Structures are given as structure tokens and as C-alpha cells.
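Asker:
Numbering (the numbering used here), first residue to last: 1 to 83.
1) Nearest CA to the CA of residue 56: which residue from 32, 17, 7 and 3?
2) Taking 7 Å as the limit between beta carbons, can you name the residues of its chain near residue 58, skipping five residues before and five after?
3) Between the Cα of residue 60 and those of 44, 69, 70 and 4, spot the shortest distance and give me the residue it belongs to.
4) Helix, strand or coil for residue 25, going by three-state DSSP, please let me know.
5) Please state the DSSP three-state secondary structure of residue 64.
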């Protein structure tokens with residue numbers, strides 16, 4: 001069964017600020033996640049309930065799966081800053 005995703009309004013606005021090439025890559029990965037949201041570089045965020053992170057190069061997608069509805073809510077997509 002295919003999954004779907006929901007972007008928080010602010011997350012969608014933030015994505016618009018990313019370079020076009022990075023935006024396209026993120027949306028490609030989101031479409032891939034519809035067939036298997038737990039594939040790729042996924043980690044459960046410790047200290048949080050049901051919050052996962054998927055790494056895409058320098059970007060991170062934070063999401064919460066709702067398994068009964070086959071939806072994953074994306075709360076944040078951010079660029080990882082180097083220290």
C-alpha cells in the first residue's frame with residue numbers, strides 16, 4: 001500500500017527558499033518515500049515519540065508516521081549546518 005505525506009505550512013514555505021536543485025532532490029525523495037517511508041538513511045530521534053529523521057546529503061527530513069492511515073507528517077526539512 002502506498003503512503004502519502006503532509007507538509008506543515010511553514011515547512012513548505014521554507015522549502016521554497018532552498019536552491020532549485022536541492023528542492024527537486026527533496027521532492028524526488030518524498031515521492032520515493034511513498035512506497036517505503038522507512039527506507040534510506042532513517043533514524044528514530046531519541047527523546048521524541050515516533051519522530052524519525054531521513055538524511056538526504058546536507059538536508060534532513062523530520063517526520064512522524066501515522067501507520068493506520070499510511071501518512072507521514074513532515075514537520076521540518078532543514079539544512080544541516082557544519083560546525
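Backbone N, C-alpha and C define an ideal beta-carbon position, used for all residues, glycine too. It should be emphasised that the depicted structure is a prediction, and the values quoted were computed from it without experimental measurement.
Answerer: Taking the geometry as given:
1) 32
2) 79 and 80
3) 44
4) helix
5) strand
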